[in-house]
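Residue numbers (the working numbering), protein chains in the order written: chain V, 3 to 740; chain C, 3 to 740. Ideal Cβ positions, reconstructed from N, Cα and C, are used throughout, including at glycine.
There are 2 protein chains.
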Amino acid sequence: MPRPDPAEVFELSEEGQVRSPTHGQTHFASRYVDGSTIDWLREEAAERDRTNVQRSQFGVRGLLLPWFDASKMWFIVILTGLGIGLTGGWLDVLVKWLGDLREGHCSYGFFYNQVSCCSDVNSGEACDQWQTWGDFLVVESVLAQSLLHSFVYVSLAVAFALSAAVLVKSYAPYAFHTGIPEIKAILGGYVFTAFLSPWTLLIKALGLALAVASGLSLGKEGPLVHVSCCMAYFLSRFFKQFRNSEAQQRKLLAAAAAAGVSVAFGSPLGGVLFGLEELDTFANESEVMWRGFVASAVAAVALQWVNPFGTSKLVLFQVTSGSDTWRAFELIPWLTLAVIGGILGSLLIKLNVEIALYRRSSVLNEWPVLEVVGVSAITAAISYLVVFSRVQASELVANLFQECDANKIDYHGLCNPSAMWENVFLLVLTAAIKVLLTAWTFGMMIPAGIFLPTIAIGACLGRAVGLLTQGLHRAYPTAWIFLSCPPDPSVRCISPGFYAVIGASAMLGGVTRMTISLVVILFELTGALSHVLPIMISVMASKWIGDAFGKDGGIYAVWIAMRGYPWLPPVDFEDRGETGAHLMRAVERLVVIEDARNTIADLDTMLKDHDFHGFPVVHRHDFLGFVTRDKLRLAIAPLLLEESERSKRCVFSQHTSSNAEEQVDLSSLLEEAVLQLRKEVPKELVVSMFQKLNLRQIIFTTGGKLTGMVTKSDVVALLTCNFPHTASLSSGARRSWG
Amino acid sequence: MPRPDPAEVFELSEEGQVRSPTHGQTHFASRYVDGSTIDWLREEAAERDRTNVQRSQFGVRGLLLPWFDASKMWFIVILTGLGIGLTGGWLDVLVKWLGDLREGHCSYGFFYNQVSCCSDVNSGEACDQWQTWGDFLVVESVLAQSLLHSFVYVSLAVAFALSAAVLVKSYAPYAFHTGIPEIKAILGGYVFTAFLSPWTLLIKALGLALAVASGLSLGKEGPLVHVSCCMAYFLSRFFKQFRNSEAQQRKLLAAAAAAGVSVAFGSPLGGVLFGLEELDTFANESEVMWRGFVASAVAAVALQWVNPFGTSKLVLFQVTSGSDTWRAFELIPWLTLAVIGGILGSLLIKLNVEIALYRRSSVLNEWPVLEVVGVSAITAAISYLVVFSRVQASELVANLFQECDANKIDYHGLCNPSAMWENVFLLVLTAAIKVLLTAWTFGMMIPAGIFLPTIAIGACLGRAVGLLTQGLHRAYPTAWIFLSCPPDPSVRCISPGFYAVIGASAMLGGVTRMTISLVVILFELTGALSHVLPIMISVMASKWIGDAFGKDGGIYAVWIAMRGYPWLPPVDFEDRGETGAHLMRAVERLVVIEDARNTIADLDTMLKDHDFHGFPVVHRHDFLGFVTRDKLRLAIAPLLLEESERSKRCVFSQHTSSNAEEQVDLSSLLEEAVLQLRKEVPKELVVSMFQKLNLRQIIFTTGGKLTGMVTKSDVVALLTCNFPHTASLSSGARRSWG
């Protein structure tokens with residue numbers, strides 16, 4: 003594109019924004035339709051021009067305007083952090099109250115949950131203020147009472163799930179699912195405004211609370227990230243600087259996503275690292291990481307201020323490991339857990355994909371709300387029967403992470419050595435049920451995250467392995483493998499609670515395939531700082547196993563591929579000696595505009611026939627530049643109205659100056675600063691340029707002559723060609739992001 | 003470069019490596035001379051060709067060879083991790099023993115340090131086995147004893163420092179300083195083989211132990227990273243795959259650097275993040291981060307196994323904060339500390355730069371060993387006088403991080419409320435002295451890291467502010483600002499030990515300008531997980547202040563600039579509307595080879611006159627490709643010997659085929675797959691392409707005609723133009739990396 007010198011832009015911007023070429027571009031830029039991808043280079047150029055105009059203002063204005071810009075940005079970042087911190091805190095309170103409502107209510111105030119209702123009662127005493135529904139309705143018989151309890155439990159669960167599904171279906175269809183795949187695509191340049199609308203924000207937050215309270219096998223983590231991004235988007239709409247620039251908006255969204263994770267796990271560092279590793283957004287600019295850092299910290303402070311759990315701690319599942327040391331032989335059960343986690347994680351992904359495909363092709367597609375009702379009824383019934391899953395998943399995880407301690411209540415007899423086999427059986431059963439339920443639930447018409455169920459599955463398995471190892475030690479205390487244990491049997495050698503943490507790490511590694519951010523989240527979640535090494539090792543090993551079993555790149559990458567979003571996975575692509583020539587669409591198969599040959603009417607036909615985002619312009623074979631669809635459409639629209647203009651030839655360069663009255667000069671549309679490569683460049687390098695420079699297309703020329711072109715969609719197709727179900731869930735209308 | 007199809011390469015490689023064009027390239031690639039920069043694209047291409055050859059082997063060989071390659075890589079990564087973990091552990095033991103030797107020795111075994119000598123003695127009892135030098139020489143008089151003690155203390159300190167300096171000066175001049183600036187430059191592509199030699203490894207490790215034990219104001223962190231990289235380099239020399247590829251070597255070095263940090267701070271996560279943020283190496287390939295992750299974990303396991311401090315913990319400076327909560331009013335003293343840290347950090351950098359420049363221009367340049375002796379004598383004398391600096395810096399920091407506790411020994415009366423003003427004065431004095439000594443020491447002819455002294459300075463100031471705040475609370479317990487403190491005066495409200503942690507974070511933020519990796523390192527170092535938010539806030543604020551005061555990017559960036567290494571800082575460069583045309587060297591000022599015009603003799607003259615790394619080849623004005631200096635020199639060397647060949651014209655293309663006998667065909671030397679841009683591309687984009695794609699040059703063409711060229715050195719010069727002392731310490735001979 004032409005780069006006017008700052009002085010010229012300054013003059014133009016004084017005249018009025020519409021006529022300024024710079025601001026004209028910005029104006030076009032915000033006109034992306036849903037389903038397209040933004041042009042990062044163009045956006046960055048527009049932003050650059052805008053700041054240059056500001057800086058070149060004389061005197062105080064030139065100093066104040068950029069400062070004012072930055073302060074608006076920080077205002078949004080901090081307000082989003084505050085907002086998501088408070089929202090997250092209050093959602094926790096709401097969920098706790100709704101969840102407790104399934105069992106009873108507070109006699110002196112309907113809106114108290116069990117803990118706050120009984121806060122005056124000393125521990126050890128019975129809490130009379132909290133009435134179960136049986137007490138309330140004065141049902142005396144034990145049988146009738148338990149029937150009543152199970153009935154209320156299941157029907158309230160179904161009612162919550164039903165309301166969530168109806169809300170989502172009626173008001174904000176994009177508020178379902180986790181939202182992280184979409185956020186990843188949006189941060190990569192995908193345009194999907196409806197996904198971030200205020201309605202989606204409201205319904206997702208409310209629906210999330212209902213869905214979690216219903217006891218379905220889902221978590222709040224992913225949806226909270228979505229809610230946080232909706233907030234930042236909503237706030238950004240108030241400022242022209244962000245309304246006009248999709249690129250600037252996305253930088254805000256990245257910070258908001260970090261804040262969302264920070265609140266979801268009470269893990270401010272984990273939030274920043276999640277943004278770094280999983281969203282792959284901070285790699286480009288340290289400034290963006292910086293904002294994520296601030297948003298994360300602010301969100302965590304706000305959450306700590308709300309203090310939803312009454313512990314004034316950020317650490318959700320405090321691990322109370324008695325000893326800080328671990329022994330080398332424990333690596334055997336831990337690596338076993340890592341292998342199980344890797345395999346089961348791959349399996350869960352595959353199952354989830356199959357169910358999603360089945361849902362799409364079967365009658366379920368027509369009745370999403372009924373599906374939610376059915377699954378929630380089944381989940382509630384099973385949960386009520388299997389003791390470990392009756393409580394909220396977060397409570398289950400907290401209990402499984404606890405070590406046995408004589409001073410504390412023994413959770414469901416987990417610490418009873420004689421009941422070891424029953425416990426192991428129940429834990430494995432719970433894990434198996436949760437795998438099936440999670441694979442089904444993740445993708446239904448309700449807000450649902452996959453982190454917490456995965457942690458719960460892993461914690462069950464980990465605790466089971468821990469109990470088995472402990473049993474082995476109890477049976478053979480003098481075996482050589484246990485030599486490193488302290489000889490005194492009253493000192494604990496094996497901590498099954500910590501095995502549950504390892505199980506959770508392994509399972510998360512297998513499902514999400516994250517590495518370092520997962521480790522940080524886990525140890526901010528558990529406070530198990532001294533055990534960071536085993537956590538690292540299990541995450542590493544399970545990712546390895548998972549990658550060996552399924553080359554899918556984790557649950558989020560799978561969903562992105564299934565929905566067909568234009569997102570470039572940050573994988574290391576390795577070619578086998580191919581060059582750009584093997585990847586590019588050759589010039590013979592390209593739709594090009596020929597300088598001084600095509601008429602206005604030709605261009606109109608071309609625009610109607612092809613939905614490409616832009617077209618190369620050539621003179622004979624020489625490449626002149628690139629014209630984007632939007633600019634071209636806007637430029638020829640007025641000319642099409644007059645019949646005399648339609649047959650005029652379009653000129654993009656100064657090559658041919660004859661017959662001026664039969665020509666229309668469109669040279670101002672031409673973007674000249676496009677990237678050109680020779681087709682001999684290795685394919686690997688082409689792919690990595692798309693990944694690192696956020697390109698939308700690369701033009702191939704040799705000696706100035708156009709030889710071909712590669713677009714982002716070609717690269718996405720190349721990188722997802724191994725996955726069999728690519729775009730199987732996409733709506734079809736979204737295909738034109740080429 | 004030409005990309006032969008795999009089958010052809012396979013045949014050629016069967017014939018013999020020297021004749022294969024692919025391996026020929028690899029061979030050239032390893033011939034970089036010290037002081038040049040590697041060509042990443044060429045290296046990557048060579049590596050790609052090599053793996054393609056392997057994969058295209060038939061049958062089992064095709065499967066086994068790549069697997070074998072990968073296992074060699076993992077072998078080096080794991081062995082380096084083990085090696086640096088063990089080395090780090092044993093260095094700690096050595097340092098402790100040497101340090102204790104300054105005060106006395108163990109009566110029943112000379113090689114025991116004080117702790118292990120007294121390990122049989124119950125706590126509370128006096129340890130008779132440990133004899134001070136006064137006891138040993140049976141000096142009775144108190145005056146004579148203290149004179150003897152101070153004499154032995156100072157003279158042993160000087161002796162240690164002297165040996166370290168002599169070792170470095172005589173055997174491995176590159177073993178001085180921290181090493182991190184050089185590692186950063188090397189990872190960015192700088193070639194500096196002498197820096198990684200086995201001699202450097204040995205001398206740096208030994209010298210480091212002596213330097214630390216001498217009590218000079220320095221730490222072991224940076225040098226350990228250097229030692230770790232030397233190890234990886236040493237191991238990599240045994241495998242042809244790494245010997246031939248500078249790019250592959252660098253990927254190993256990145257993992258080794260992470261392992262070094264992991265051992266230095268006992269912080270495996272911090273190591274990975276340091277690699278990510280400060281060395282900026284993992285951004286390019288997730289595979290490299292993965293290796294860093296493994297190396298870091300292995301190194302930490304090895305260190306824990308050596309268990310140098312007898313605590314079986316990785317956490318070096320365990321914080322024993324009584325309460326997990328902090329109060330909002332504490333943000334005022336903490337932000338004050340952050341401001342002090344930011345300003346003092348900038349000041350320390352500026353002071354260090356001035357001293358380095360003075361050293362270079364003054365007589366000190368001739369007498370580096372004498373300088374070390376002088377500074378170590380002064381340091382030892384001052385340290386002996388000021389009570390807080392008499393112990394090793396690491397012990398001081400550990401003591402300052404401790405909270406006061408009635409059950410524990412009160413370190414130098416820090417917990418005595420009546421001595422508050424004396425303590426504050428002493429702490430501030432210690433900090434001031436340490437600032438001066440550190441600024442002088444960092445850059446002398448001994449191995450020296452800057453992390454630990456910075457932590458010590460910050461901890462002193464932090465503890466002082468903590469004591470003042472505590473004093474204020476004690477004086478006005480009912481003031482409104484302290485309303486959030488518990489009313490019971492026996493419950494501690496303000497924890498001065500944690501203020502020391504905040505002070506250390508702030509100071510580190512100001513000196514290194516790191517963000518997220520610093521936070522992770524600090525909380526792995528202290529275990530203060532519940533206080534991660536205040537640490538984040540203080541690091542953030544002090545980096546902000548530091549950046550506002552000095553736009554230098556931290557101490558390492560300053561040293562890189564002073565030494566003139568070709569390293570691209572990962573800053574966000576913002577142009578003011580300029581394009582590539584403003585940055586490039588225009589074609590009129592380029593040294594180009596003209597196809598079919600220049601003779602062999604011309605080329606020889608050109609090679610002698612200019613030390614550029616390569617030359618563009620043009621036919622009239624059309625750009626044909628790029629020829630690197632190395633290839634050209636090797637190709638024309640045999641031709642220069644025959645007089646008849648010297649006057650032949652060099653042909654690089656098929657344009658001119660007449661007069662075949664008067665021409666030499668050099669077309670095989672031409673690299674055709676070079677990156678070309680139009681000169682209208684924004685400057686910002688050009689800079690970011692250099693930063694992200696590891697380029698060595700970009701050619702600018704318009705319509706196939708050469709218009710200019712930008713090299714890495716142009717971009718480095720652009721990014722460091724704000725720093726006044728660029729290349730002021732470079733040796734001049736290293737300038738030819740253009």
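Does the beta-carbon of C:P225 have 16 or more other beta-carbons within 10 angstroms, so that it is buried, or is it exposed? Here the question's residue 225 of chain C lines up with position 223 in the second sequence. Buried, by the Cβ-count rule.
Taking just the CA atoms, how far does C:G343 sit from C:G468? Looking up residue 468 of chain C in the second sequence gives position 466. Looking up residue 343 of chain C in the second sequence gives position 341. Within the model, the alpha-carbon separation for C:G468 versus C:G343 is close to 15 Å.
Three-state secondary structure (DSSP) of V:E673: Walking along the first sequence from the start, residue 673 of chain V turns up at place 671. Here V:E673 sits in strand by DSSP.
Rounded C-alpha distance that separates V:A302 from V:P270: On the first sequence, position 300 is the one that residue 302 of chain V refers to. On the first sequence, position 268 is the one that residue 270 of chain V refers to. One alpha carbon belongs to V:A302, the other to V:P270, and they sit about 6 Å apart.
Check V:I700 in the structure and name its three-state DSSP category. Residue numbering aside, residue 700 of chain V sits at position 698 when the first sequence is read from its first letter. Residue state, collapsed to three classes: strand.
Per-residue DSSP class, three states only, for C:R651: Residue mapping note: residue 651 of chain C aligns to position 649 of the second sequence, counting from 1. When DSSP states are grouped into helix, strand and coil, C:R651 belongs to the strand group.
Contacting positions in the segment 572-586 of chain V - beta carbon closer than 9 Å to chain C: Hits within the stretch, in order: P572, V573, D574, E576, D577, R578, G579, E580, T581, G582.
Helix, strand or coil for V:A249 per DSSP? By 1-based counting over the first sequence, the position of residue 249 of chain V is 247. Three-state result, V:A249: helix.
Step through the CB atoms of chain C and report whether any lies within less than 8 Å of the CB of V:E289. Locating residue 289 of chain V in the first sequence gives position 287, where the first residue counts as 1. With 8 Å as the cut-off, V:E289 counts as an interface residue toward chain C.
When you compare only the Cα positions, how much space is there between C:A559 and V:E289? The count along the second sequence starts at 1 and reaches residue 559 of chain C at position 557. The count along the first sequence starts at 1 and reaches residue 289 of chain V at position 287. For the pair C:A559 and V:E289, the Cα-to-Cα distance works out to about 18 Å.
Hey, C:G451 and C:G221: beta-carbon distance below 8 Å or not? On the second sequence, position 449 is the one that residue 451 of chain C refers to. On the second sequence, position 219 is the one that residue 221 of chain C refers to. The answer is yes: Cβ separation under 8 Å.
Chain-ordered residues of the segment 468-502 of chain V with a beta carbon less than 7 Å from chain C: Answer in chain order: no residues at all.
With 8 Å as the threshold, decide whether the Cβ of V:D624 is near any Cβ in chain C. By one-based count along the first sequence, residue 624 of chain V stands at place 622. Output row for V:D624: interface = yes.
With 9 Å as the limit, tell me which residues of the segment 701-728 of chain C have their beta carbon closer than that to any beta carbon of chain V; keep them in chain order. Flagged, chain order: T703, T704, G705, G706, K707.
What's the gap between the Cα of V:K545 and the Cα of C:S238? The residue you call residue 545 of chain V lines up with position 543 of the first sequence. The residue you call residue 238 of chain C lines up with position 236 of the second sequence. Distance between the alpha carbons of V:K545 and C:S238: 27 Å.
What are the start and end residues of the alpha helix (DSSP H) that includes V:M691? Stepping through the first sequence from its first residue, residue 691 of chain V is reached at position 689. Taken as a continuous stretch (DSSP letters only), the alpha helix (DSSP H) holding V:M691 covers 685-695.
Among residues of its own chain, excluding the 5 on either side of C:V593, which ones have a beta-carbon nearer than 7 Å to its beta-carbon? Sequence index remark: in the second sequence, residue 593 of chain C carries index 591 (1-based). Taken in chain order, the residues that qualify are M608, H612, F614, F617.
Return yes when at least one heavy atom of the ligand ZN lies under 7 Å from the C-beta of V:I380, else no. This structure does not include the ligand ZN; it has no bound ligands of any sort.
Own chain, CB closer than 6 Å to V:Q678, minus 5 neighbours either side, in chain order: Position 676 of the first sequence, counted from the first residue, corresponds to residue 678 of chain V. Answer for V:Q678: I701, T703, listed in chain order.
I want to verify the contact list: residues of chain C whose CB lies under 7 Å from the CB of V:A257, in sequence order. Walking along the first sequence from the start, residue 257 of chain V turns up at place 255. What V:A257 touches in chain C, judged by beta-carbon distance under 7 Å, is nothing: the nearest beta carbon there is about 13 Å away.
Proximal residues, the segment 529-557 of chain C versus chain V, C-beta separation under 8 Å: From the segment 529-557 of chain C, only G529, L531, S532, V534, L535, M538, I539, M542 have a Cβ closer than 8 Å to chain V.
Does DSSP put V:D574 in a helix, a strand or coil? Walking along the first sequence from the start, residue 574 of chain V turns up at place 572. In the structure shown, V:D574 adopts coil according to DSSP, grouped into three states.
For V:M75 and V:L66, I'd like the C-alpha separation in whole angstroms. Walking along the first sequence from the start, residue 75 of chain V turns up at place 73. Walking along the first sequence from the start, residue 66 of chain V turns up at place 64. Cα to Cα, V:M75 sits roughly 14 Å from V:L66.
Using a Cβ-Cβ cutoff of less than 6 Å, which residues in the same chain neighbour C:V214 once the five nearest sequence positions on both sides are dropped? Numbered from 1 along the second sequence, position 212 holds the residue referred to as residue 214 of chain C. If you ignore the 5 residues before and after C:V214, its C-beta comes within less than 6 Å of the C-beta of V97, K222, all in its own chain and listed in chain order.
Please decide whether V:L1 counts as near chain C, where near means a Cβ-Cβ distance under 8 Å. Absent from the model: residue 1 of chain V. The displayed extent of chain V is 3 to 740, so no value can be given.
Nearest-angstrom Cα separation, counted from V:L428 out to C:G273: Against the second sequence, residue 273 of chain C aligns to sequence position 271. Against the first sequence, residue 428 of chain V aligns to sequence position 426. If you take the alpha carbons of C:G273 and V:L428, they lie about 40 Å apart.
For C:P183, tell me which candidate among C:S690, C:L570, C:H151, C:I547 has the shortest Cα-Cα distance. Translated into the one-based positions of the second sequence, residue 183 of chain C becomes position 181. It is C:L570.
Thinking V:V154 and V:W135 are a contact (beta carbons under 8 Å), I'd like their distance in whole angstroms, please. Translated into the one-based positions of the first sequence, residue 154 of chain V becomes position 152. Translated into the one-based positions of the first sequence, residue 135 of chain V becomes position 133. Contact between V:V154 and V:W135 is confirmed by a C-beta separation of about 5 Å, below the 8 Å threshold.
Of the listed residues C:P488, C:F331, C:P449, nearest to C:A207 (C-alpha basis): Along the second sequence, read from residue 1 onward, the residue named residue 207 of chain C stands at position 205. Ranking C:P488, C:F331, C:P449 by Cα distance to C:A207 puts C:P449 first.
Can you name the residues of chain C whose CB is closer than 8 Å to the CB of V:T517? Here the question's residue 517 of chain V lines up with position 515 in the first sequence. Chain C residues near V:T517: M291, W292, F295.
Through-space distance from C:Q251 to V:W336, alpha-carbon basis: Walking along the first sequence from the start, residue 336 of chain V turns up at place 334. Walking along the second sequence from the start, residue 251 of chain C turns up at place 249. When only Cα atoms are considered, V:W336 and C:Q251 end up about 32 Å apart.
Bridge partner(s) assigned by DSSP for C:F551: Residue 551 of chain C sits at position 549 when you count from the first residue of the second sequence. Looking at the DSSP assignment, C:F551 forms no beta bridge with any residue, so it has no partner.
From C:T53, C:M291, C:T338, residue whose alpha carbon lies closest to that of C:M509: Position 507 of the second sequence, counted from the first residue, corresponds to residue 509 of chain C. For the set C:T53, C:M291, C:T338, the Cα lying nearest the Cα of C:M509 is the one of C:T338.
Under the three-state DSSP convention, the category C:Y386 falls into: Here the question's residue 386 of chain C lines up with position 384 in the second sequence. Look at C:Y386 here: in three-state DSSP terms it is helix.
Amino acids of chain C, ordered along the chain, whose beta-carbon sits closer than 9 Å to that of V:A47: In the first sequence, the residue the question calls residue 47 of chain V occupies position 45. Going along chain C in sequence order, the residues near V:A47 (Cβ under 9 Å) are P684, E686, L687.
In whole angstroms, give me the CA-to-CA distance for C:R361 and C:I384. Sequence index remark: in the second sequence, residue 361 of chain C carries index 359 (1-based). Sequence index remark: in the second sequence, residue 384 of chain C carries index 382 (1-based). About 22 Å.
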